[in-house]
Amino acid sequence: MIAQFGRFPHRNQALGRKCTVDESEHLLVGFVPFRSKG
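My numbering applies: residue 998 is where the sequence shown begins, and numbers increase by one.
Encoded structure:
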């Protein structure tokens, strides 16, 4: 994800950053930043 966007898009709101169009599309697809293995 860092390679694609240069940052973690799911952290934008918490850090007060605006999402780019690409980041917004990625987040709308149903991205889950952390998944448990189980």
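In this text, a Cβ means the ideal position worked out from N, Cα and C, and glycines have one as well.
Where does residue i sit, in a helix, a strand or coil, going by DSSP?
| i | result |
| --- | --- |
| Val1026 | coil |
| Arg1008 | helix |
Quick one: using the 10 Å Cβ neighbour count with 16 as the cut-off for buried, is residue i buried or exposed?
| i | result |
| --- | --- |
| Glu1020 | buried |
Which stretch, first to last residue, makes up the alpha helix (DSSP H) that contains residue i?
| i | result |
| --- | --- |
| Phe1002 | 999-1002 |
Taking 8 Å as the cut-off, is the CB of residue i close to at least one heavy atom of the ligand GTP?
| i | result |
| --- | --- |
| Gln1010 | As presented, the structure is devoid of all ligands, the ligand GTP included, so that no description of it is given. |
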